[in-house]
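First the structure, in the form of structure tokens, and then the observations on it.
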Amino acid sequence: MRPHVDRRQARVLTLVRARGSVRVADLAQELGISPVTLRRDIEAMTARGEIQRMHGVISRVDPAHGPAAPRAGASVPATATARGAAGPGGGEGLVVGMVVPTTEYYYAEVVRGAREAVEARGARLTVGLTRYLPGEDRTQADRLVSTGAHGLLLTPDWEAGSPGPGEGGWVAELPVPTVLVERWAPPGHPAAALDRVASDHAHGAARAVQHLAGLGHRRIALASRTTPTTARLRTGYEAAVAALGLDPAPPWPAAGPAPLSEADLFARTLDYLCDAVTAGGVTAALIHSDTDAIMLIPRLTARGVRVPEDLAVITYDDEVAGMADVPLTAVAPAKHEVGARAAGLLLDRLSGGEPEDGPRLHLELLPGLTVRP
């Protein structure tokens, strides 16, 4: 063992023996080392039988009486349980924190899937909302950890669905196991090494293009305002258009120097689709999202573009597409399953079903296509 590692682990052992038990996050801060480094030390010391490891807590080993009870005032989460005490795949006593932009629209079903999976394993879900406010995702994550969350399901406010240059590095430094939900980090980014579960939106867009091409459409447009989903939709849409040898649609209008209001964004989408049909030869479109499509259709009709006679429409999200005057065919991401899979993966990490420091998993679930007449 290298001398500095030996000294550091000896210091950890001294503190744990003196205090009985200590929270890992507090100890890492006190020693001035990263949580990742401390976790490696803890693994080695636990393997040697020097300490007892718990969820976010380590305690001394008393040969006569087993692990010490927490000392008075120790910063041990009230719901902490010994690793494996609930059996393989168990989650009794665990608290899972979940940070999402909203519990409405798309994320309502994601949260529902996570909650059902967490409660089915005897754990508890607590939720923090960000409302897309800058910096609020970190505030909510820190709050949930400080109030006892053993792990996090995290949807950061990354405008393109993935972090920009220099953005989001803090996610990889969280002191508890973390799973990204409906977010991606590019190779080389610190958060790329985290577990993540997301919808394969590129596949969903390509599936819509394939369906429309199968109906005979040769020039298909994509209409999507900028959301965390848009970049993946455009990737899948462009790949499918190229692979099927379809005619290119008119390019999406470039963004101006100043941010547009919601009304202006909607008007730009309406103008684009009208021009694409009347002057660009477009006969079909994938529109993100359902609500935009339902609002656009009567306005397209008022401007002489009939749906579906002049423009066949598929929507993306399938939240309310079936409630339109004429129910709309839609691509449906597996939102409930995304939440459930993410929660299950995190609970596996916490309860020993998956090694906490084992290989990370990147799961992408394929959206389905709901065809409506």
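Residues in the sequence shown are numbered consecutively from 5, following our numbering.
Glycine included, C-beta positions come from ideal geometry on N, C-alpha and C.
Computed from a predicted model, the values in this text were never measured in an experiment.
Sub-8 Å separation of residue i and residue j beta-carbons
i	j	result
Val149	Leu129	no
His205	Gly240	yes
Val342	Leu300	no
Ala118	Leu157	yes
Val65	Arg27	no
Thr233	Arg187	no
Thr273	Arg223	no
Glu242	Pro39	no
Arg147	Gly168	no
Leu367	Ala127	no
Rounded C-alpha distance that separates residue i from residue j
i	j	result
Gly389	Thr41	Coverage of the chain is limited to positions 5 through 377, which leaves residue 389 absent and any answer about it impossible.
His154	Ala32	16 Å
Gly382	Ala235	Missing from the structure shown is residue 382; the chain here goes from 5 to 377 and no further.
Arg12	Arg211	54 Å
Val180	Ala262	39 Å
Asp321	Ala209	11 Å
Arg376	Ala244	22 Å
Arg310	Leu277	12 Å
Pro190	Ala306	43 Å
Thr134	Val9	39 Å
Asp296	Tyr136	19 Å
Ala145	Thr50	28 Å
Glu266	Gly260	14 Å
Gly53	Ala344	35 Å
Gly356	Arg57	12 Å
Residues sharing a beta bridge with residue i, DSSP
i	result
Glu368	Ala202
Gln56	Ser63
Ala153	Paired residues: none, contrary to the question.
Ala225	Ala289
Reduced DSSP secondary structure (H/G/I, E/B, other) of residue i
i	result
His292	strand
Ala117	Per the sequence presented here, residue 117 reads as Gly, with Ala not at that position. If DSSP states are grouped into helix, strand and coil, Gly117 belongs with the helices.
Arg128	strand
Ala283	coil
Arg187	coil
Leu373	strand
Tyr320	strand
Residue from the options with nearest C-alpha to residue i
i	options	result
Asp279	Glu266, Asp268, Gly308, Ala267	Gly308
Leu216	Pro160, Glu113, Thr333	Thr333
Pro138	Pro105, Gly126, Arg116, Glu123	Pro105
Ala197	Trp174, Leu219, Gln214	Trp174
Gly24	Val286, Leu354, Ile55	Ile55
Arg303	Ala112, Phe270, Glu47, Val335	Phe270
Lys339	Val103, Arg116, Thr18	Arg116
Pro331	Ala289, Leu35, Ile298, Leu350	Ile298
Val324	Ala316, Ser293, Leu315	Ser293
Proximity test, Cβ basis, 8 Å: residue i and chain D
i	result
Ala217	Here there is only one protein chain, and chain D is not present.
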